[in-house]
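Numbering (my numbering), first residue to last: 10 to 120.
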């Protein structure tokens, strides 16, 4: 059985998944995106512990649940910072190589 740990360990699969989450977030937010250079970033660190990833099967449903959690976190940042316009690329999701027993995702809103 594949787990979400396998998803994050596979660089190509992880990149494709993060791109999917980014596109879904932009569609969910439905905010205009200016082509101007980014002036500010709001970044939230999301911890993805190995225990959680290892114990979660990698299915369409669990990927969707994780995507919704990431988008909820970004939406909270939009609302708390009163962001009404984005700058290109709008959202950035970065997951550097695993540190210790967890992945750390940096989820940024560009405005």
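Don't be surprised by glycine CBs; every beta carbon is placed ideally from N, CA and C. Bear in mind that the values here come from a model prediction, so they are computed numbers and not experimental data.
Assuming residue i and residue j make a contact with CB atoms under 8 Å, what is their CB distance in whole Å?
i, j, result
"residue 27", "residue 104", "7 Å"
"residue 37", "residue 55", "With a Cβ gap of about 16 Å, residue 37 and residue 55 do not count as contacting."
"residue 3", "residue 13", "Absent from the structure is residue 3, since the part of the chain shown begins at 10 and ends at 120."
Residue range of the alpha helix (DSSP H) that residue i falls in?
i, result
"residue 79", "69 to 89"
"residue 24", "20 to 38"
Around the C-beta of residue i, are 16 or more other C-beta atoms found within 10 angstroms, so that it is buried, or is it exposed?
i, result
"residue 21", "exposed"
"residue 110", "exposed"
"residue 89", "exposed"
"residue 50", "exposed"
"residue 60", "exposed"
"residue 117", "buried"
"residue 18", "exposed"
"residue 45", "exposed"
If you follow the beta strand (DSSP E) that residue i is in, where does it begin and where does it stop?
i, result
"residue 117", "111 to 119"
"residue 52", "50 to 58"
"residue 102", "100 to 103"
Do three or more CB pairs link the region 90 to 97 to the region 29 to 44 at distances below 8 Å? yes
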